[in-house]
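Chemist: Residue numbers (the working numbering), protein chains in the order written: chain A, 881 to 1269; chain B, 200 to 749. After the structure tokens below, expect a handful of questions from me.
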Amino acid sequence: MTPPNTLRYLPTIEERLLDEQLASWQAEKPEMGVLVLLPEAEREAVPRIQQACTRRGIPLAGAIFPALTEGGAFRTQGVWLLRFDEMPYTALYPDLPREPGKIQAALDAIAADLKPHLRDTHDTTLFMLFDAMVPNIATLLDELYLRLANRVRYMGANAGSESFKPIPCLFDGSRIIQNGVLAMLLKPHQGAVLEHGYLAPAQMLTATSTEGNHIMQIDWRPAFEVYQEMARAQYGVEITRENFYEYGVHFPFGIVRANGMTLVRIPVALEEDGSLFCVGEVPPNALLALLKAPAVDSAQTIGALTEGLEELGGSPAGQELLLFYCAGRRLHLGIDAAQNELQLFAQRTQASRIAGALSLGEIGGTTRWDYPLFHNATLVASYWGRKDT
Amino acid sequence: MNHEQQILTILYEMAMAIGGEVSVRPLLTKTLQQLLYHTSFPAGLVFLDLPRDTGAPTIEARLEAAIGDFELAENVGRVLTLPAALLRGTNEVSDNPDLLASLSGKDNAYKTFLRLPIDQNGVILLLAPKPPRTELPLTRIFQPVMANLAKAILLCRHHDAYTTGLVTERDVAWENLRKVNRALKTLSSGNEVLVRASEETALLKQMCSVVVEVGGYRAAWVGYAQQDAQKSVRPMAQHGIGADALGKLRFSWADDEYGMGPTGAAIRSGEPQVIADAYTDPRFAPWHGDAIEMGCASVLALPLTDSDGQAFGVMTIDAAERNAFDEEEIRLLLELANDLSYGIVNLRSRAERLRSAERLYKGLEDAIQAIAATVEMRDPYTAGHQRRVAQLAEAIAIKLALPPERIHGIRLAGTVHDVGKIGVPAEMLSKPGTLNSLEFNLIKMHSSVGHEILKDVEFPWPIAQMVRSHHERQDGSGYPDGLRGDQIPLDTRIIAVADVVEAMFSYRPYRPGLGMRAALDEITGNRGKLYDEQVVDACCQVVEAGFEFK
Chain A
881 MTPPNTLRYL PTIEERLLDE QLASWQAEKP EMGVLVLLPE AEREAVPRIQ QACTRRGIPL
941 AGAIFPALTE GGAFRTQGVW LLRFDEMPYT ALYPDLPREP GKIQAALDAI AADLKPHLRD
1001 THDTTLFMLF DAMVPNIATL LDELYLRLAN RVRYMGANAG SESFKPIPCL FDGSRIIQNG
1061 VLAMLLKPHQ GAVLEHGYLA PAQMLTATST EGNHIMQIDW RPAFEVYQEM ARAQYGVEIT
1121 RENFYEYGVH FPFGIVRANG MTLVRIPVAL EEDGSLFCVG EVPPNALLAL LKAPAVDSAQ
1181 TIGALTEGLE ELGGSPAGQE LLLFYCAGRR LHLGIDAAQN ELQLFAQRTQ ASRIAGALSL
1241 GEIGGTTRWD YPLFHNATLV ASYWGRKDT
Chain B
200 MNHEQQILTI LYEMAMAIGG EVSVRPLLTK TLQQLLYHTS FPAGLVFLDL PRDTGAPTIE
260 ARLEAAIGDF ELAENVGRVL TLPAALLRGT NEVSDNPDLL ASLSGKDNAY KTFLRLPIDQ
320 NGVILLLAPK PPRTELPLTR IFQPVMANLA KAILLCRHHD AYTTGLVTER DVAWENLRKV
380 NRALKTLSSG NEVLVRASEE TALLKQMCSV VVEVGGYRAA WVGYAQQDAQ KSVRPMAQHG
440 IGADALGKLR FSWADDEYGM GPTGAAIRSG EPQVIADAYT DPRFAPWHGD AIEMGCASVL
500 ALPLTDSDGQ AFGVMTIDAA ERNAFDEEEI RLLLELANDL SYGIVNLRSR AERLRSAERL
560 YKGLEDAIQA IAATVEMRDP YTAGHQRRVA QLAEAIAIKL ALPPERIHGI RLAGTVHDVG
620 KIGVPAEMLS KPGTLNSLEF NLIKMHSSVG HEILKDVEFP WPIAQMVRSH HERQDGSGYP
680 DGLRGDQIPL DTRIIAVADV VEAMFSYRPY RPGLGMRAAL DEITGNRGKL YDEQVVDACC
740 QVVEAGFEFK
């Protein structure tokens, strides 16, 4: 069986190489479309890519991530081109609302756009690439699930800059936007699997004052003060304002669920008043654990991912896969250990090609048909380009 | 973290979520979201108010909330027939695809369910294609949550009922206010029309216009009950409906099908009549087609009654919406109809009074002219004197901008001011040359005699007094009473000036006419002394403006 040929990494973004690749694909699949994953350092290339696609009349969607994953390594140069044999329904929604009153209307509009394209098959995945600066992604997912329920599977990741500075990071053939989402309906598609492996410790404290992804108070005291105490008491680590950015990623918060799974929330910013910003929302009054990231149970994590893929669509061997690897996880593990996980994943799956990016938050369920949640510190994997899944 | 701590964590979070809602629907949604979030079941359903257990194998239960299943979510609010064994029972996790078959759709997606009863009367079902992995006892964890949820549902239902009641009450109040307000505006504008009304037909037209243009009703018309054999109702005025269209419709106040409608019934009963649905009400059967064509969905007929309370007509108001007229609105519109009745009756009696007065005046004038003619027949030389004095006095009164009624009185007084000369011997009246003092005293008596003649005739004006005093002078030198200044009424002062001017201007048996110039010299020369200043000025202006005796 000829391995599929729908993923292509170009180490440099040269117009000629880009056009050759597009031309070659287009000759094979005239109705093709393309999803582009770009590293932050190559973001200036967006207009060139848009022009190249426009010239050939190829529909385009894309996102900018802190880095790409390719060949078991992280890349800050080059580009991933992911071909669709036929461009799926794609929509860009900039400037998503944050006010509760406006969220309903915005989600009604998005659901109304999507529903007409969901009539033909149930094997559909709603693939979402959010700008990581959107602070209420978990709420938006809850609302989306109320509207679309099991009509689609949910999968996605957050794009943007690893410095968490706002940048336009989502694009199509003619626009590049921020504070929004790129939504694509992949079909047929069996969804994705998601895994992290962080363990919850014994002590729990209540987030007594939160607003979206902003934790003002824990246990009725300034969040950072309590965070410092928890780290000192549980792990003997002295976290200060100076070393916060170095340590935060190693000691994320965990929100515990009844199924034993933990939602990870990595604190990424510290305010003057001692409040903390996380990647992902923290519900009001959520009970928080301070997690110490796993020593590296990479084998378990990768094993679970591979099993999940097998459950979704049979053996991944010889298949093309898409992988999002959390930037926070890489920071915690360090680049070498993180790359080891990438290589382990490639070995275990025996995939013919794995396109991927370093993401700033991930969307999915830890089991098939799971309630879709917004995660940090995870790996999200799915098949790409299979017609039989 | 041990299981107890984990359970406490979940209970705490769910209790906070449940406690934060005040309305049933968000409460159920939030609870389901929390349960799905914590358990990894992908779909959840809530059924409340389950019927009593009769042992039947199936239950008809209303789906109150559904999350995670697109098809089932479409059925929220509908009654589903489901196996009793699925909905009834204790907390349980079960792999039983057969029980779930009716919920699984065509692809039989669900194999596992978690049942969480809510206080015996309701149940939450969480559904999954396979048992989600967990080490926690899901059947026990949520028992205290469900107990709290049952109470929260009760409280939220009370709150929903309360807020629904408030909203309904507010909407009803708004609607009532709107109706009353439009009726009040109509009433107010109708009263303005009444105040200004001077003619009956115009009043009816304007009132119909107010009802439609100000009140916003579809159409309005006024009909009068005819005393003919058919007891027909004759349209007199309308607005919002063409006269031709209205004329083609048949109305009556007889005891027949055309009299059974609101118009006829209002005339017969003297009470307002309402047709809440003009398209279907059998009393409105003869006009159903017309009502539909014209968009008149409800009708109000208000009787117009005379001072004895007898209905002589009807004002009919059509509205575009069904049930347009409520009690308060009818009360206000009836007030409008009563005002219109009063206006009509008042205009009619005013017109009657005017006609009577005109007849009376005509009679009086005829009598006065007859008296004047008698005097003039005895005194040919002064023939026309009174008529001409009346003419000039009227012109002066007009110049002084006196009211028309008063001017009329002045003219009549001028016409008969010398009637007392009937008591003066005819030869003395036409005697050439000067009169001796005895003769002159006899002549001077004519004003008193005139007064005696006229004093018992009931004129609307003080004719007799004007006749008596027309020779009085401002300085008190006149006769018969030597009145002075303001003691002499203005009307009399006008006749006095006109009398002097006409007398000097005209030929007399004892001298030729002296001309207008001499006459004006006389009054201006004695302006303020013998004659009233403003009357003299007015007389001069009248003459200068071209006045001529006819």
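All C-beta atoms in this analysis are idealised placements derived from N, C-alpha and C, irrespective of residue type, glycine included. Predicted model, so just to flag it, every value in this text is computed and none were measured.
(1) If contact means a Cβ-Cβ distance below 8 Å, which residues of the stretch 1250-1267 of chain A contact chain B?
(2) Do you know offhand how far residue 297 of chain B's Cα is from residue 1116 of chain A's?
(3) In whole angstroms, what is the alpha-carbon distance linking residue 1252 of chain A and residue 1067 of chain A?
(4) Scan the stretch 259-278 of chain B for residues whose Cβ lies nearer than 9 Å to a Cβ of chain A and list them as they occur along the chain.
(5) Are the CB atoms of residue 1241 of chain A and residue 874 of chain A within a distance shorter than 8 Å?
(6) Where do the N-terminal and C-terminal ends of the beta strand (DSSP E) with residue 973 of chain A fall, by residue?
(7) Suppose you measure from the CA of residue 616 of chain B to the CA of residue 720 of chain B; what does that come to, to the nearest Å?
(8) Which residues of the stretch 222-246 of chain B have a Cβ closer than 8 Å to any Cβ of chain A? Give them in chain order.
(9) Under 7 Å between beta-carbons, which chain B residues line up against residue 1035 of chain A? List them in chain order, please.
(10) How would you list, in chain order, the residues of chain B whose beta-carbon sits under 7 Å from the beta-carbon of residue 1137 of chain A?
(11) Identify, in the order they occur along the chain, each residue of the same chain with its Cβ nearer than 6 Å to the Cβ of residue 434 of chain B, setting aside the five sequence neighbours on each side.
(12) At which residues does the alpha helix (DSSP H) containing residue 493 of chain B begin and terminate?
(13) For residue 416 of chain B, name the three-state secondary structure that DSSP assigns.
(14) In whole angstroms, what separates the C-alpha of residue 508 of chain B from that of residue 469 of chain B?
(15) I'd like to know whether the C-beta of residue 1115 of chain A is nearer than 8 Å to at least one C-beta of chain B.
(16) Given that residue 1177 of chain A touches chain B, what residues does it touch there, using C-beta distances under 9 Å?
(17) What are the residues in the stretch 1009-1037 of chain A lying within 8 Å of chain B by C-beta distance?
(18) Ends of the beta strand (DSSP E) at residue 1075 of chain A?
(19) Measure the C-alpha to C-alpha separation of residue 1161 of chain A and residue 1169 of chain A and round it to an integer number of angstroms.
(20) Using the Cβ count rule (16 or more neighbours within 10 Å means buried), how would you classify residue 576 of chain B?
(21) Find the nearest neighbour of residue 594 of chain B within the set B/694, B/520, B/655, B/474, judged by alpha-carbon distance.
(22) Near residue 416 of chain B, what residues of its chain come up, given a Cβ to Cβ distance below 6 Å and the 5 sequence neighbours on each side ignored?
(23) Measure from the alpha carbon of residue 915 of chain A to the alpha carbon of each residue in A/1180, A/1076, A/965, A/896, then state which is nearest.
(24) Thinking C-alpha only, which one of A/1064, A/945, A/970, A/967 is nearest residue 958 of chain A?
(25) Out of B/652, B/442, B/503, B/543, which one is the CA nearest neighbour of residue 398 of chain B?
(26) Report the neighbours of residue 211 of chain B on chain A: residues whose CB is nearer than 7 Å to its CB, in chain order.
(27) I'd like to know whether the C-beta atoms of residue 286 of chain B and residue 260 of chain B end up nearer to each other than 8 Å.
(28) So is residue 342 of chain B in contact with chain A if we call contact Cβ pairs under 8 Å?
(29) Would you list, in chain order, the members of the stretch 1092-1118 of chain A that have their beta-carbon closer than 9 Å to a beta-carbon of chain B?
(30) Name the residues in the stretch 482-498 of chain B whose C-beta lies less than 9 Å from a C-beta of chain A; which are they?
(31) Helix, strand or coil: how does DSSP classify residue 1049 of chain A here?
(32) Measuring alpha carbon to alpha carbon, tell me which of B/395, B/355, B/407, B/414 ends up nearest residue 377 of chain B.
(33) Leaving aside the five residues before and after residue 1094 of chain A along the sequence, list all residues of the same chain whose C-beta is less than 7 Å from its C-beta, in chain order.
(34) What three-state label does DSSP hand residue 573 of chain B in the structure shown?
(35) Measure how close the beta-carbons of residue 1151 of chain A and residue 1041 of chain A come, nearest whole angstrom, since I'm counting them as under 8 Å.
(36) So, is the C-beta of residue 1141 of chain A closer than 8 Å to a C-beta in chain B?
Modeler: Reading from the atomic positions:
(1) Here the close residues are 1250, 1251, 1253.
(2) Walking along the second sequence from the start, residue 297 of chain B turns up at place 98. Walking along the first sequence from the start, residue 1116 of chain A turns up at place 236. In this model, residue 297 of chain B and residue 1116 of chain A are separated by some 54 Å (Cα to Cα).
(3) Mapped onto the first sequence, residue 1252 of chain A falls at position 372. Mapped onto the first sequence, residue 1067 of chain A falls at position 187. Rounded to whole angstroms, residue 1252 of chain A to residue 1067 of chain A spans 18 Å at the Cα level.
(4) Identification of residues in the stretch 259-278 of chain B having a C-beta nearer than 9 Å to some C-beta of chain A yields 265, 266, 267, 268, 269, 270, 271, 272, given in sequence order.
(5) Because chain A spans 881 through 1269 in this model, residue 874 of chain A falls outside it and cannot be assessed.
(6) Taking the first sequence and counting its residues from 1, one reaches residue 973 of chain A at position 93. For residue 973 of chain A, the enclosing beta strand (DSSP E) covers residues 970-973.
(7) As a position in the second sequence, residue 616 of chain B is number 417, starting the count at 1. As a position in the second sequence, residue 720 of chain B is number 521, starting the count at 1. Between residue 616 of chain B and residue 720 of chain B, the C-alpha separation is close to 23 Å.
(8) Those would be 228, 232, 235, 236, 237, 238, 239, 240, 241, 242, in chain order.
(9) Working through the first sequence from its first residue, we reach residue 1035 of chain A at position 155. The contacting residues do not exist; residue 1035 of chain A stays about 14 Å from chain B at best.
(10) One-based indexing of the first sequence puts residue 1137 of chain A at position 257. Correct list: 236, 237.
(11) Within the second sequence, the letter at position 235 stands for residue 434 of chain B. Cβ neighbours of residue 434 of chain B beyond the five flanking positions: 420, 422, 445.
(12) Reading the second sequence from its first residue, position 294 is the one you call residue 493 of chain B. Start and end: 487-493.
(13) In the second sequence, counting from the first residue as 1, residue 416 of chain B sits at position 217. Of the three classes helix, strand and coil, the one that applies to residue 416 of chain B here is coil, per DSSP.
(14) By one-based count along the second sequence, residue 508 of chain B stands at place 309. By one-based count along the second sequence, residue 469 of chain B stands at place 270. Near 8 Å, if we compare the C-alpha coordinates of residue 469 of chain B and residue 508 of chain B.
(15) Within the first sequence, the letter at position 235 stands for residue 1115 of chain A. It does not; no Cβ of chain B falls within 8 Å.
(16) By one-based count along the first sequence, residue 1177 of chain A stands at place 297. Near residue 1177 of chain A there are no residues of chain B at all, since even the closest Cβ is about 17 Å away, more than 9 Å.
(17) Shown in chain order are the members of the stretch 1009-1037 of chain A whose Cβ falls below 8 Å from a Cβ of chain B: 1022, 1025, 1026, 1028, 1029, 1030, 1031.
(18) Position 195 of the first sequence holds residue 1075 of chain A. DSSP places residue 1075 of chain A in the uninterrupted beta strand (DSSP E) bounded by 1072-1075.
(19) What you label residue 1161 of chain A is simply residue 281 of the first sequence in a count that begins at 1. What you label residue 1169 of chain A is simply residue 289 of the first sequence in a count that begins at 1. Distance between the alpha carbons of residue 1161 of chain A and residue 1169 of chain A: 15 Å.
(20) By one-based count along the second sequence, residue 576 of chain B stands at place 377. Of the other Cβ atoms in all chains shown, fewer than 16 fall within 10 Å of the Cβ of residue 576 of chain B; this residue is therefore exposed.
(21) Sequence index remark: in the second sequence, residue 594 of chain B carries index 395 (1-based). It is B/694 whose Cα lies nearest to the Cα of residue 594 of chain B.
(22) Reading the second sequence from its first residue, position 217 is the one you call residue 416 of chain B. Around residue 416 of chain B: 410, 516, 518.
(23) Locating residue 915 of chain A in the first sequence gives position 35, counting from the first residue. The option with the nearest alpha carbon to residue 915 of chain A is A/965.
(24) Sequence index remark: in the first sequence, residue 958 of chain A carries index 78 (1-based). Cα-wise, what sits closest to residue 958 of chain A is A/945.
(25) Translated into the one-based positions of the second sequence, residue 398 of chain B becomes position 199. It is B/543.
(26) On the second sequence, position 12 is the one that residue 211 of chain B refers to. Result: 1167.
(27) Counted from its first residue, the second sequence places residue 286 of chain B at position 87. Counted from its first residue, the second sequence places residue 260 of chain B at position 61. It is a contact, given that the beta carbons lie within the stated cut-off.
(28) In the second sequence, the residue the question calls residue 342 of chain B occupies position 143. Not one chain A Cβ lies under 8 Å of residue 342 of chain B.
(29) Interface annotation for the stretch 1092-1118 of chain A against chain B: empty, criterion Cβ-Cβ distance under 9 Å.
(30) Near chain A, meaning a CB-to-CB distance below 9 Å, no residue of the stretch 482-498 of chain B qualifies.
(31) By 1-based counting over the first sequence, the position of residue 1049 of chain A is 169. Residue state, collapsed to three classes: coil.
(32) Here residue 377 of chain B refers to the residue found at position 178 when the second sequence is read from its first residue. Taking the Cα of residue 377 of chain B as reference, the smallest distance to any Cα among B/395, B/355, B/407, B/414 is reached at B/414.
(33) For the purposes of this step, residue 1094 of chain A is identified with residue 214 of the first sequence, where counting begins at 1. Only 1155, 1157 meet the Cβ criterion.
(34) Within the second sequence, residue 573 of chain B is the residue found at index 374, counting from 1. In this structure, residue 573 of chain B counts as helix in the three-state DSSP scheme.
(35) The residue given as residue 1151 of chain A occupies position 271 in the first sequence. The residue given as residue 1041 of chain A occupies position 161 in the first sequence. The C-beta separation of residue 1151 of chain A from residue 1041 of chain A comes to about 19 Å, leaving the pair out of contact by the 8 Å criterion.
(36) Locating residue 1141 of chain A in the first sequence gives position 261, counting from the first residue. Residue 1141 of chain A counts as touching chain B.
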